[in-house]
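Here is the structure we will look at, set down as structure tokens.
Number of protein chains: 2
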Amino acid sequence: MSGNDKKIPTRVLTGFMELLPEEQMVFNRMLDTIKETYELYGFSPIDTPVIERTEVLLANVGGETAKQVYSFSRGKNDLSLRFDLTVPLARYVSENAGDLNFPFRRYHIGKVYRGERAQKGRFREFYQCDIDIIGNETLSLINDAEIPRVIYDVFSRLDIGKFLIRISNRKLLMGLLGSLGVTEESSVEVMRAVDKLEKVGKEEVKKMLAEIGLSGRDVEAVFELLSIEGDTDSKLATLRSLGVEGSTFETGVSELSEVVSSMRSLGMPEDSYIIDLTIARGLDYYTGVVYETELVDRPEMGSVCSGGRYENLAENYSKRKLPGVGISIGLTRLFYQLKEAGVLKFESGSPTEIMVAPLLEDLSVPLEVATMLREANLSTEVYFEGGKLDKKLTYANRKGIPYVVIIGEDEVSSGLFTVKDMGSGEQVKLRKEQILSYIKEGNRDA
Amino acid sequence: MSGNDKKIPTRVLTGFMELLPEEQMVFNRMLDTIKETYELYGFSPIDTPVIERTEVLLANVGGETAKQVYSFSRGKNDLSLRFDLTVPLARYVSENAGDLNFPFRRYHIGKVYRGERAQKGRFREFYQCDIDIIGNETLSLINDAEIPRVIYDVFSRLDIGKFLIRISNRKLLMGLLGSLGVTEESSVEVMRAVDKLEKVGKEEVKKMLAEIGLSGRDVEAVFELLSIEGDTDSKLATLRSLGVEGSTFETGVSELSEVVSSMRSLGMPEDSYIIDLTIARGLDYYTGVVYETELVDRPEMGSVCSGGRYENLAENYSKRKLPGVGISIGLTRLFYQLKEAGVLKFESGSPTEIMVAPLLEDLSVPLEVATMLREANLSTEVYFEGGKLDKKLTYANRKGIPYVVIIGEDEVSSGLFTVKDMGSGEQVKLRKEQILSYIKEGNRDA
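Protein sequence lines correspond, in order, to chains A and B. Adding 10 to a residue's 1-based position in the first sequence gives its number in my numbering. Adding 10 to a residue's 1-based position in the second sequence gives its number in my numbering.
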């Protein structure tokens with residue numbers, strides 16, 4: 011292999027996030043936290059191919075999303091990269107229904123692809139972290155209360171600041187519109203308009219509703235619903251007393267009440283959630299309870315975890331009716347925004363807990379010490395390269411390694427090893443068998 | 011969204027592995043074991059985009075591999091899906107060299123794509139689990155001894171049967187061929203032929219060597235080297251006494267000796283590795299020590315973990331000389347083969363440790379119990395759907411959930427909950443606060 015003087019530029023493509031090790035460590039810790047919390051609630055892992063047949067992925071997708079999908083041909087196949095984890099879930103459940111246990115509780119953490127217009131904070135490759143509970147024909151409403159409990163645990167554990175889970179039920183607005191005689195088609199358009207409320211403001215939405223064909227009185231009725239104030243119980247009471255006719259609205263109110271009651275039984279603090287009837291979720295396929303999650307001190311980030319209840323997951327693939335409820339966290343964007351906001355601390359670029367710095371030719375003792383430390387499950391590396399102690403300590407320092415064991419001729423002959431706490435600068439002389447307890451018990455968590 | 015009677019076929023594409031939850035659980039456990047072991051040795055995580063510019067990914071690739079790459083155009087860009095994790099590493103290190111600490115120890119676990127001809131056990135999307143140590147200009151040879159120590163730990167922990175790490179040094183064969191006057195170009199061809207030895211047999215390789223242009227005497231000399239017998243120390247002694255001239259061969263022998271000596275200092279058992287000079291690794295870019303790993307009872311699987319030392323990782327992208335040493339485990343294929351061989355046991359389809367089965371209308375107590383269990387870090391799910399106890403127990407049984415807490419009216423009024431051990435069938439009545447200790451201390455690990 012001969013050298014080539016012309017070097018190829020190595021920039022990562024626009025819209026693709028790539029991290030330095032110290033950032034990756036934090037990203038992975040967040041990913042692990044989400045995964046562990048999902049598992050705590052008994053969700054099973056699945057993994058699906060990134061590439062699927064285009065006809066499968068785009069079965070029910072058109073417009074903007076379809077244009078954003080990465081598609082290409084290979085032999086006789088039209089292929090695409092998945093743009094979310096919900097369509098693959100629908101395909102997976104349809105394909106494996108006979109082998110799955112319902113309700114099927116799965117989590118899926120993986121990369122998805124959307125060729126969006128390049129824009130700061132928008133990614134073309136990003137991680138989604140999803141949970142869904144899928145029923146066979148029916149699915150108890152209590153699942154809709156468990157989902158926000160999972161959100162609560164995830165964001166408590168992520169420890170990225172105060173958060174608020176906004177809950178609504180699409181049946182409320184749909185029911186109201188139905189009682190006003192608005193067609194289902196127009197109602198869906200109204201939901202989409204209401205979903206933009208926070209972004210474009212009240213007046214703009216009112217204009218949109220008028221354009222859809224709502225009368226002035228209907229628009230007022232919609233905003234009366236959206237503006238209900240008070241704590242959770244008084245909001246529920248107001249909803250009950252509104253006198254909206256029709257079973258859809260009534261079902262919406264009773265579902266919301268039951269979900270709130272179960273969330274309380276599940277121990278969710280009152281200040282962790284709020285009934286917010288402006289949460290409509292743009293996606294048409296939600297049919298009941300919907301969620302959004304806001305970081306209280308970062309409202310500009312928008313919702314960092316959203317989802318809801320849907321009637322039928324896989325109508326394009328399966329004759330089975332598969333109702334479900336689920337949420338998704340877009341971790342790549344969340345991480346990026348937290349990083350930009352200075353919320354994240356990048357302290358260590360490696361999992362190494364202790365580094366062995368040999369200062370002698372014969373490495374047999376340093377290698378034995380390293381093996382001893384690893385056998386005690388301490389992440390250990392040995393600095394094998396030449397050079398003075400200073401260079402080795404600088405390496406450990408830059409990587410954020412908390413401890414260094416220095417092993418020179420003196421240490422080998424005396425059997426006393428120098429252990430340096432890189433944080434405090436403190437140095438102690440220890441026998442081989444004392445190193446572990448010094449780090450594990452004495453110092454490590456100090 | 012209106013129903014559609016024509017259902018779309020949901021088969022996963024040929025060559026793409028998708029698992030049921032109980033299989034995924036085992037797959038993920040293997041992935042975690044590999045990851046934890048890599049971290050135990052202080053390797054830092056990185057993650058790179060699956061999509062890169064074609065000119066970057068294929069900078070140094072031609073022939074069969076180039077044809078297998080998934081490429082497509084998007085706007086003005088020619089894009090490709092990564093086909094391994096080494097090329098992205100080279101690009102990553104070149105791009106971020108100023109921000110990395112050398113030696114740079116990284117692990118990378120991710121999916122790669124190769125549009126190979128469809129064949130049983132061959133995958134077009136598969137996980138690679140790589141570690142590499144990259145030096146800046148130089149890299150100590152002791153790293154080459156640490157790598158097999160990591161292999162040893164990984165495969166001991168994976169617990170999938172006896173394994174043997176085969177080690178050689180390409181400088182030995184290259185040095186011998188040089189001393190015989192074989193050109194470098196022909197030598198590379200010889201290495202490739204020797205790499206096929208196990209597959210095609212001795213006579214076939216002899217023919218190939220003759221075709222490359224080696225004389226009968228040269229072929230004999232090559233096979234004299236390849237056939238050296240004995241234990242590790244006698245092999246090393248024979249190599250030293252062969253009298254092959256030239257510094258390349260001598261360096262090869264002394265490197266191999268030093269690596270073996272350090273592997274011993276690192277506590278590797280003698281029966282975990284073997285010097286095997288027939289290991290040549292087809293890839294041209296290896297320049298020193300090379301490794302393959304065989305499952306002793308499954309030689310038909312071929313090498314399940316391979317790698318070696320290379321002179322310069324990123325010559326296409328960077329003016330820096332970046333020598334390195336690393337290995338890769340192709341986990342998708344390994345998992346598939348172990349599954350086919352019946353080595354893997356699929357016991358549980360979910361992480362759930364305990365299921366709450368409510369047998370009453372008011373779910374507040376069951377929900378409180380579930381929260382208590384989760385707060386104690388026990389993976390818990392509640393079976394919310396209706397139906398008789400039998401149905402609920404069947405669900406738990408099918409998913410391999412080890413414990414069920416049954417909560418009916420009697421349990422709520424008496425405060426004594428029925429806990430069923432699904433393995434033994436044993437049932438006990440426990441107070442709420444006793445459930446945890448029963449499962450955690452008493453029974454769980456029995």
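Just so you know, even glycine gets a beta-carbon here, dropped at the ideal spot from N, CA and C.
Starting from residue i, trace the alpha helix (DSSP H) in both directions and tell me its first and last residue.
| i | result |
| --- | --- |
| residue 134 of chain B | That residue, residue 134 of chain B, is in no alpha helix (DSSP H); it is neither H nor E in DSSP. |
| residue 285 of chain B | Unbroken run through residue 285 of chain B is the beta strand (DSSP E), 283-285; no alpha helix (DSSP H). |
| residue 41 of chain B | 31-50 |
| residue 229 of chain A | 226-236 |
| residue 405 of chain B | 399-408 |
| residue 103 of chain B | 96-106 |
| residue 259 of chain A | 257-275 |
| residue 246 of chain A | 242-251 |
Taking 7 Å as the cut-off, is the beta-carbon of residue i closer than that to any non-hydrogen atom of the ligand ATP?
| i | result |
| --- | --- |
| residue 377 of chain B | The ligand ATP is not among the ligands present in this structure, which contains no ligands whatsoever. |
Starting from residue i and walking both ways along the beta strand (DSSP E), at which residues does that stretch end?
| i | result |
| --- | --- |
| residue 427 of chain A | 426-431 |
| residue 88 of chain A | 87-91 |
| residue 209 of chain B | Taken as a continuous stretch (DSSP letters only), residue 209 of chain B belongs to no beta strand (DSSP E), being part of the alpha helix (DSSP H) at 207-210. |
| residue 367 of chain B | 364-369 |
| residue 123 of chain A | 114-123 |
| residue 58 of chain A | It is not in any beta strand (DSSP E) - residue 58 of chain A carries neither H nor E in the DSSP assignment. |
| residue 299 of chain B | 296-305 |
| residue 392 of chain B | 390-392 |
Does residue i come out as helix, strand or coil in the three-state DSSP assignment?
| i | result |
| --- | --- |
| residue 20 of chain A | coil |
| residue 201 of chain B | helix |
| residue 449 of chain B | helix |
| residue 173 of chain B | strand |
| residue 415 of chain B | strand |
| residue 146 of chain B | coil |
| residue 439 of chain B | strand |
| residue 84 of chain A | strand |
| residue 140 of chain A | strand |
| residue 65 of chain A | helix |
| residue 70 of chain B | coil |
| residue 11 of chain B | Reliability of the predicted coordinates at residue 11 of chain B is poor, the pLDDT of 40 falling under 50, and the value obtained from them is presented with this limitation in mind. Correct three-state label for residue 11 of chain B: coil. |
| residue 166 of chain B | helix |
| residue 179 of chain B | strand |
Have a look at residue i and residue j and give me their C-alpha separation to the nearest angstrom.
| i | j | result |
| --- | --- | --- |
| residue 412 of chain A | residue 181 of chain A | 55 Å |
| residue 276 of chain A | residue 156 of chain A | 8 Å |
| residue 266 of chain B | residue 302 of chain B | 15 Å |
| residue 134 of chain B | residue 24 of chain B | 8 Å |
| residue 66 of chain B | residue 19 of chain A | 8 Å |
| residue 209 of chain A | residue 219 of chain A | 15 Å |
| residue 351 of chain A | residue 123 of chain A | 25 Å |
| residue 321 of chain A | residue 151 of chain A | 12 Å |
| residue 405 of chain A | residue 396 of chain A | 12 Å |
| residue 398 of chain A | residue 369 of chain A | 8 Å |
| residue 55 of chain A | residue 32 of chain B | 9 Å |
| residue 288 of chain A | residue 162 of chain A | 20 Å |
| residue 132 of chain B | residue 125 of chain B | 10 Å |
| residue 347 of chain B | residue 119 of chain B | 19 Å |
| residue 448 of chain B | residue 434 of chain B | 14 Å |
| residue 408 of chain B | residue 355 of chain B | 15 Å |
| residue 326 of chain B | residue 46 of chain B | 32 Å |
| residue 418 of chain A | residue 29 of chain B | 51 Å |
| residue 16 of chain B | residue 394 of chain B | 32 Å |
| query | Which residues, in order along the region 60-78 of chain A, keep a beta-carbon less than 9 Å from a beta-carbon of chain B? | reply | Residues of the region 60-78 of chain A with a C-beta atom less than 9 Å from some C-beta of chain B are 60, 61, 62, 63, 65, 66, 69, 70, listed in chain order.
| query | Using Cβ-Cβ distances below 7 Å, what residues of the region 30-57 of chain A are close to chain C? | reply | The structure shown contains no chain C; its protein chains are A and B.
| request: Quick one: which residues of the region 253-285 of chain A get their C-beta closer than 7 Å to a C-beta of chain B? List them in chain order. | output: Per Cβ criterion, the list reads 272, 275, 276, 277.
| request: Select from the region 331-359 of chain A all residues with a C-beta closer than 8 Å to any C-beta belonging to chain B, and list them in chain order. | output: Correct list: 359.
| request: Could you name each continuous beta strand (DSSP E) segment of 3 residues or more that falls completely within the region 317-383 of chain A, going from the start of the chain to the end? | output: Within the region 317-383 of chain A, the complete beta strand (DSSP E) runs of at least 3 residues are 334-340, 364-369.
| Near-chain A residues of the region 120-139 of chain B - C-beta to any C-beta below 7 Å | The residues in question are 121, 125, 135.
| said: Which residues of the region 148-159 of chain B have a Cβ closer than 9 Å to any Cβ of chain A? Give them in chain order. | reply: Within the region 148-159 of chain B, the residues whose Cβ lies closer than 9 Å to some Cβ of chain A are 148, 149, 150, 151, 152, 153, 155, 156, 159, listed in chain order.
| request: Could you please tell me which residues of the region 399-420 of chain A, in chain order, have their CB closer than 7 Å to any CB of chain B? | output: Residues are counted here when their Cβ sits less than 7 Å from a Cβ of chain B; for the region 399-420 of chain A these are 405, 408, 409, given in chain order.
| message | What are the residues in the region 179-198 of chain B lying within 8 Å of chain A by C-beta distance? | response | So the list is empty, because no residue satisfies the distance condition.
| message | By the 7 Å beta-carbon criterion, what residues does the region 306-323 of chain B contribute toward chain A? | response | Considering only beta carbons, no part of the region 306-323 of chain B lies closer than 7 Å to chain A.
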